[in-house]
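**Q** This is the structure I have questions about; it appears just below.
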Amino acid sequence: MIQKLTPRFVMGSIAVFAFALLAYAWMLQYGPERQQPCPLCVLQRYVYLLIGIAALIGAAHQHIAYAVTTITFAIVGIALALWQVLKGSEMTSCQRDPIGQFVNSLPTAELFPEYFFASGGCADKYFTLGLPVPVWSLVCFVLIGVACGVTIYKILRTS
Numbered sequence: 443m444i445q446k447l448t449p450r451f452v453m454g455s456i457a458v459f460a461f462a463l464l465a466y467a468w469m470l471q472y473g474p475e476r477q478q479p480c481p482l483c484v485l486q487r488y489v490y491l492l493i494g495i496a497a498l499i500g501a502a503h504q505h506i507a508y509a510v511t512t513i514t515f516a517i518v519g520i521a522l523a524l525w526q527v528l529k530g531s532e533m534t535s536c537q538r539d540p541i542g543q544f545v546n547s548l549p550t551a552e553l554f555p556e557y558f559f560a561s562g563g564c565a566d567k568y569f570t571l572g573l574p575v576p577v578w579s580l581v582c583f584v585l586i587g588v589a590c591g592v593t594i595y596k597i598l599r600t601s
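Add 442 to the 1-based position in the sequence shown for the working numbering, that's all there is to it.
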């Protein structure tokens, strides 16, 4: 089964997965629970967007450079999610710290404030299926990284 998964299919699946996670974040924010994103959550949204774009281009071109770019973004996402899991509960004033100020001063926070403006606190605890949302984000970044690693291996093995 795994041998039938082509790099094009895996990269396309990663792109769909990343965009689905962004849609889920939108639903968490504007759905019944009204979970407001903290600055670290918003930074992770940027990373998922970059992963989705790089993986989509990688699916179209099947070049190793896009898989390497995607795994690099996944590693950045792992670092952000891990930071949030380990230190987020200590960050109670995210709007006044440098990260919150940086995130909310980006042009996209002004162009699309409903999605890229951080208005929640990092210490806020929101759960999905019994786990905090940052833990799920960490798991998703790791899955993306593993899928990219397998894809890079398959591309190198066939070339």
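We put the CB at the ideal spot given by N, CA and C, even for glycine.
Per DSSP, Leu-573 forms a beta bridge with which residues?
**A** Here residue 573 refers to the residue found at position 131 when the sequence shown is read from its first residue. Leu-573 is bridged by DSSP to Thr-570.
**Q** State buried or exposed for Val-545, treating a residue as buried only when at least 16 other CB atoms are found within 10 Å of its CB.
**A** Residue mapping note: residue 545 aligns to position 103 of the sequence shown, counting from 1. The residue is buried, with at least 16 neighbouring Cβ atoms inside 10 Å.
**Q** Can you tell which of Val-484, Ala-501, Ala-560, Tyr-472 has the C-alpha that lies nearest to the C-alpha of Arg-450?
**A** Taking the sequence shown and counting its residues from 1, one reaches residue 450 at position 8. Comparing Cα-Cα distances from Arg-450 to each of Val-484, Ala-501, Ala-560, Tyr-472, the minimum goes to Ala-501.
**Q** Less than 8 Å between the CB atoms is what I'm expecting for Ala-560 and Pro-479, so what's the real figure, rounded?
**A** In the sequence shown, counting from the first residue as 1, residue 560 sits at position 118. In the sequence shown, counting from the first residue as 1, residue 479 sits at position 37. Yes, they are in contact, since the Cβ atoms of Ala-560 and Pro-479 sit about 6 Å apart, within 8 Å.
**Q** Between which two residues does the alpha helix (DSSP H) containing Lys-446 stretch?
**A** Indexing the sequence shown from 1 puts residue 446 at position 4. Taken as a continuous stretch (DSSP letters only), Lys-446 belongs to no alpha helix (DSSP H), as it is neither H nor E.
**Q** Where does Ser-579 land, buried or exposed, given buried means 16+ other C-beta within 10 angstroms?
**A** Taking the first residue of the sequence shown as position 1, residue 579 is located at position 137. Ser-579 comes out buried.
**Q** Please look up how many angstroms separate the CB atoms of Val-583 and Ala-523, rounded, as I've assumed it's under 8 Å.
**A** Indexing the sequence shown from 1 puts residue 583 at position 141. Indexing the sequence shown from 1 puts residue 523 at position 81. According to the sequence as given, residue 583 is Phe; it is not Val. Their Cβ separation, rounded to whole angstroms, is 6 Å, which keeps Phe-583 and Ala-523 in contact under 8 Å.
**Q** Taking 8 Å as the threshold, find out whether the segment 567-577 comes into contact with the segment 488-496 through three or more Cβ pairs.
**A** no
**Q** Could you please give the first and the last residue of the uninterrupted alpha helix (DSSP H) stretch that includes Gln-526?
**A** The residue you call residue 526 lines up with position 84 of the sequence shown. 506-529 is the extent of the alpha helix (DSSP H) around Gln-526.
**Q** Under 8 Å: do the segment 551-559 and the segment 511-527 share three or more Cβ pairs, one atom per stretch?
**A** no
**Q** Using a 10 Å radius around the Cβ and a threshold of 16 neighbouring Cβ atoms, would you call Pro-540 buried or exposed?
**A** Within the sequence shown, residue 540 is the residue found at index 98, counting from 1. The residue in question, Pro-540, is exposed, as its Cβ has fewer than 16 Cβ neighbours within 10 Å.
**Q** Could you pull the start and end residues of the alpha helix (DSSP H) that Ala-497 belongs to?
**A** Translated into the one-based positions of the sequence shown, residue 497 becomes position 55. It spans 481-503 - the alpha helix (DSSP H) in which Ala-497 sits, taken as one unbroken run.
**Q** Could you spell out where the alpha helix (DSSP H) holding Ala-560 opens and where it closes?
**A** Taking the first residue of the sequence shown as 1, we reach residue 560 at position 118. That residue, Ala-560, is in no alpha helix (DSSP H); it is neither H nor E in DSSP.
**Q** Do Leu-482 and Gln-526 come within 8 Å of each other at the CB atom, strictly closer than that value?
**A** Locating residue 526 in the sequence shown gives position 84, where the first residue counts as 1. Locating residue 482 in the sequence shown gives position 40, where the first residue counts as 1. Yes, Cβ-Cβ distance for Gln-526 and Leu-482 is below 8 Å.
**Q** Where Tyr-490 and Arg-599 are concerned, what is the direct C-alpha to C-alpha distance, given to the nearest angstrom?
**A** Your numbering for residue 490 matches position 48 in the sequence shown. Your numbering for residue 599 matches position 157 in the sequence shown. A straight line joining the alpha-carbon of Tyr-490 with that of Arg-599 spans about 27 Å.
**Q** Answer with buried or exposed for Pro-549, where buried requires no fewer than 16 other C-beta atoms within 10 angstroms of its C-beta.
**A** Along the sequence shown, read from residue 1 onward, the residue named residue 549 stands at position 107. Classification of Pro-549: exposed, given that the 10 Å Cβ count is below 16.
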